[in-house]
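**Student:** Sharing a structure, written as structure tokens. Questions coming.
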Amino acid sequence: MAVENSASVPRRSCLLAPAPEIFEAAALLTVAASALLEGRHSEADAFVRRADIPAIRDWTEGLWGASPKWTRPNPTLLALPIVGRVEQRMPDKVTLRAIVSRDGHRCRFCGIPVIRAEVRNHLRKLLPEAVRWGRSNTSQHAAFQAMWLQYDHIVPHARGGDNSMGNVIVTCAPCNYARMDYTLDEVGLENPLSREPQRSEWDGLERVLSVPAESPAMA
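Taking my numbering as reference, the numbering of the sequence shown is continuous, increasing by one, and the terminal residue is 281.
So, in structure tokens, the structure goes:
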């Protein structure tokens, strides 16, 4: 695994530019959500399956996999002593809602559309075969895995970061888990709060929560 000193890492907005297929998948999932709202479950199922694109998994593995496509810092940095760690691991629900309201449903690092776990789990009840979510990475739907909304600490919690809105942002799972507990300086990332969040019509598929989970599949 390649490692380097953080002083030599150039500043960038994200660790690895997103795969174009992620945005294709988001468009397919948007159509699937509309179909569900109109009771066309079979059509929704087909679009969700089409969004399970192998190239998306390749991108995800390029971030958090065993052979990443970005240069990780020296792991000894994570062994530095922790001073003043906040006891509570995550912000409360009110703060989390405020963070999503501020950031929208897009990763503040790479900019891809993201989906809350609550929405994904509801879709699993509606379309259990299409929204696959097994125990291993490869048994999970590639788009839902990459687009899994996370709440990430700018200064990592493990390194003393607090749970204030000024230190917690919306990210995708790959950007969150790839950075682990490294600081922005150590991985050469810009502070995402130094730029405006990306605004779009993407709503994280939140509207599907209005579809009853017991709604029968339709031919």
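Quick reminder that beta carbons are idealized off the backbone N, C-alpha and C, glycines included.
Determine the extent of the beta strand (DSSP E) in which Asp283 is found, giving its start and end residues.
**Tutor:** Absent from the structure is residue 283, since the part of the chain shown begins at 63 and ends at 281.
**Student:** Just checking, does the stretch 156–173 make contact with the stretch 259–272 on the three C-beta pairs under 8 Å criterion?
**Tutor:** Flag = yes, the stretch 156–173 and the stretch 259–272 touch.
**Student:** How many Å lie between Val193 and Phe206 at the Cα?
**Tutor:** One C-alpha to the other measures close to 8 Å.
**Student:** I need the straight-line Cα distance from Leu271 to Pro190, nearest angstrom please.
**Tutor:** Leu271 and Pro190: Cα-Cα distance of roughly 15 Å.
**Student:** DSSP puts Leu91 in a beta bridge; with which residues?
**Tutor:** DSSP output for Leu91 lists no bridge partner at all.
**Student:** Can the beta-carbon of His167 be found less than 9 Å from the beta-carbon of Gly250?
**Tutor:** It is not a contact, given that the beta carbons lie outside the stated cut-off.
**Student:** Would Ala128 pass as an interface residue toward chain B - the criterion being a Cβ-Cβ separation below 9 Å?
**Tutor:** Any reference to chain B falls outside this structure, which holds one protein chain only.
**Student:** Quick one: using the 10 Å Cβ neighbour count with 16 as the cut-off for buried, is Pro302 buried or exposed?
**Tutor:** The displayed coordinates of the chain run from 63 to 281. Any statement about residue 302 would go beyond what the structure contains.
**Student:** Leaving aside the five residues before and after Glu105 along the sequence, list all residues of the same chain whose C-beta is less than 6 Å from its C-beta, in chain order.
**Tutor:** The answer, listed in chain order, is Ala97.
**Student:** Can you look up Gln207 in the DSSP assignment and give me helix, strand or coil?
**Tutor:** Gln207 falls in the helix class under three-state DSSP.
**Student:** Identify whether Asp214 lies in helix, strand or coil by the three-state DSSP scheme.
**Tutor:** Residue state, collapsed to three classes: strand.
**Student:** With C-beta atoms as the reference, is Trp126 less than 9 Å away from Tyr213?
**Tutor:** No, the pair does not count as a contact, with Cβ atoms beyond the cut-off.
**Student:** Starting from the Cα of Met209, find the closest Cα among Gly101, Arg269, Glu86 and give me that residue.
**Tutor:** Looking at the Cα atoms, Glu86 is the closest of the given residues.
**Student:** When you compare the CB positions of His215 and Val232, do they come within less than 9 Å of one another, or not?
**Tutor:** Their beta carbons are not under 9 Å apart, which means His215 does not touch Val232 by this criterion.
**Student:** By Cβ distance, which residues of its chain are closer than 7 Å to Arg186, with the 5 residues on each side in sequence left out?
**Tutor:** The answer, listed in chain order, is Val193, Trp195.
**Student:** Over what stretch of residues does the beta strand (DSSP E) that includes Thr233 continue unbroken?
**Tutor:** Element bounds for Thr233: 230–234.
**Student:** Looking only at C-alpha atoms, which of Ser75, Asp114, Glu100, Leu99 sits nearest to Thr200?
**Tutor:** Of Ser75, Asp114, Glu100, Leu99, the residue nearest in Cα terms is Asp114.
**Student:** Among Arg151, Gly101, Leu91, Ser75, whose alpha-carbon lies nearest the alpha-carbon of Gly226?
**Tutor:** Before going on, a small fix: residue 226 reads as Ser here, not Gly. Ser226 has its Cα closest to that of Arg151, out of Arg151, Gly101, Leu91, Ser75.
**Student:** How many Å lie between His219 and Met242 at the Cα?
**Tutor:** Distance between the alpha carbons of His219 and Met242 is about 10 Å.
**Student:** Note down, in chain order, each residue of its chain lying with its Cβ closer than 7 Å to the Cβ of Gly124, except the 5 sequence neighbours on either side.
**Tutor:** Taken in chain order, the residues that qualify are Leu78, Pro130, Lys131.
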